[in-house]
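All remarks here apply to the structure that follows.
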Amino acid sequence: MPDKPIKDKNQRPVIMLTGMSGAGLSTALKVLEDLGYEAVDNLRLGLVPQWVDGAKAGKALAVAIDARNANFSVEEVLRVLAQLQERDDCAPRLVFLDCSDEALQRRFTETRRRHPLAIDRPVTDGIAKERVLVARLQGEADHVIDTSALSIHDLRRLIVGHYRTETETGLAIYVMSFSYRYGLPREADLVFDARFLKNPHWDKTLRPLTGLEPSVGDYIEKDQDYEGFMTHITGLLFPLLPRYQQEGKLYLTIAVGCTGGRHRSVFIAEKLATALAGNGSIVGVGHRDIDKSPAKA
């Protein structure tokens, strides 16, 4: 789910971070602090409006609120959010960090941390209890980030892209490749499917390689539909990008998928990133599943 842009530049951003314990709230809050936000972890909910009043005028603010909070409740979070929404000087946004139960259980097990809602119970019990507790907040959130498959680097990239305060740099774009076998990237704003192109995986000499290799690129470019595909993608995107920027959007994630995430999607993501950069956009590129085994393509 994409973020909601701030349209009134005179309003200060106020980010309320919440979500599942273990989903990366502390990391996200630290990234916002690095971006220049005044950041507070688990401030009592009733004190949030006073904290906003006492902060430096115009300063971007971020507060993380989760099940560790002494008076945590969905109703109280939404009540405070509603109070901030009534103010003319604030642009509050509720950002929810989600994560699959399997990934959360693995993280708690690997770090040997106790779940805040399962001090004397199995981690799975705490996760299940918390998911029921915060379900409504996820539905009310302006922006949901699923961190199940994200590294710390990926989470930082997303937070910086969506919530940087220096808007004069314009719209930043991240182009990523992925494998449909491992699921759609939840952070993607636009998704393009390259599975119709001839697959280099079935060429034994190309199978161990990736779309970063010239020989793989040559193979893909020979497909009779490749050129038309790229022409239509750029023809769609180039007129849209200025409109996204006019609406106040800071960050756009474009995902290109194929079966294995190593050949077609990688090559096309690289080509698309180059085309967008040549059109004057600020572009980054990454490949989520490029290191997966070619045998699983």
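Per our numbering, the sequence shown runs over residues 145 to 441.
Where a beta carbon is used, it is the ideal one built from N, C-alpha and C, also for glycine.
Because the structure is a prediction, the values reported are computed rather than measured.
For residue i, which beta-bridge partners are listed by DSSP?
i, result
"histidine 287", "Val239"
"serine 323", "Cys402"
"histidine 431", "Ser321"
"aspartate 185", "Ala208"
"isoleucine 426", "Ala316"
Given that a residue counts as buried once 16 or more other Cβ atoms are within 10 Å of its Cβ, and exposed if not, what is residue i?
i, result
"valine 427", "buried"
"asparagine 215", "exposed"
"alanine 441", "Model confidence at alanine 441 stands at a pLDDT of 45, short of 50, so the residue's coordinates are unreliable; what they give is reported in the following sentence. With 16 or more Cβ atoms within 10 Å of its Cβ, alanine 441 is classed as buried."
"aspartate 435", "exposed"
"histidine 297", "exposed"
"proline 352", "exposed"
"tyrosine 340", "Looking at the sequence shown, residue 340 is not tyrosine but phenylalanine. Under this definition phenylalanine 340 is an exposed residue."
"glycine 379", "exposed"
"threonine 375", "exposed"
"glutamate 331", "buried"
"proline 433", "Per the sequence shown, residue 433 should be read as aspartate rather than proline. Aspartate 433 is buried by the Cβ-count criterion."
"proline 383", "exposed"
"glycine 202", "exposed"
Measuring alpha carbon to alpha carbon, tell me which residue in the options is nearest residue i.
i, options, result
"glutamine 229", "Gln155, Val304, Arg408 and Arg308", "Gln155"
"phenylalanine 240", "Tyr388, Glu365, Trp346 and Ile209", "Ile209"
"threonine 291", "Asp242, Thr309 and Gly405", "Asp242"
"arginine 251", "Gly166, Arg300 and Glu219", "Gly166"
"glycine 163", "Gly430, Tyr326, Leu356 and Gly283", "Gly283"
"alanine 421", "Thr309, Leu173, Leu381 and Asp367", "Leu381"
"glutamine 389", "Asn343, Gly424 and Glu365", "Gly424"
"arginine 301", "Leu396, Ala279, Arg212 and Asp347", "Leu396"
"glycine 392", "Asp433, Tyr307, Tyr318 and Thr349", "Tyr307"
"arginine 231", "Pro157, Lys174, Glu331 and Val218", "Pro157"
Please confirm whether residue i has its beta-carbon closer than 9 Å to some beta-carbon of chain B.
i, result
"glycine 314", "No chain B appears in the structure shown, which is made up of a single protein chain."
Note the first and the last residue of the continuous alpha helix (DSSP H) segment covering residue i.
i, result
"threonine 255", "245-255"
"isoleucine 364", "358-365"
"alanine 262", "Here alanine 262 belongs to no alpha helix (DSSP H), and DSSP marks it neither H nor E."
"leucine 302", "296-307"
Mind checking which residues open and close the beta strand (DSSP E) that includes residue i?
i, result
"arginine 156", "156-163"
"leucine 394", "Segment: none, leucine 394 is in no beta strand (DSSP E) and carries neither H nor E."
"leucine 334", "334-337"
**Study point:** Three or more C-beta pairs below 8 Å linking the stretch 267-275 and the stretch 175-184
**Key:** Touching, no.
Check your understanding: Do the stretch 290-309 and the stretch 357-372 make contact, defined as three or more Cβ pairs closer than 8 Å?
Key -> With a cut-off of 8 Å, the stretch 357-372 and the stretch 290-309 do not count as touching, because too few Cβ pairs lie within range.
Point to revise | Segment contact flag, the stretch 246-261 with the stretch 221-228, C-beta cutoff 8 Å, min 3 pairs | key: Short answer: they don't touch.
Check your understanding: Per the contact definition of three or more C-beta pairs closer than 8 Å, is the stretch 254-267 in contact with the stretch 181-201?
Key -> Contact fails: fewer than three Cβ-Cβ distances are below 8 Å.
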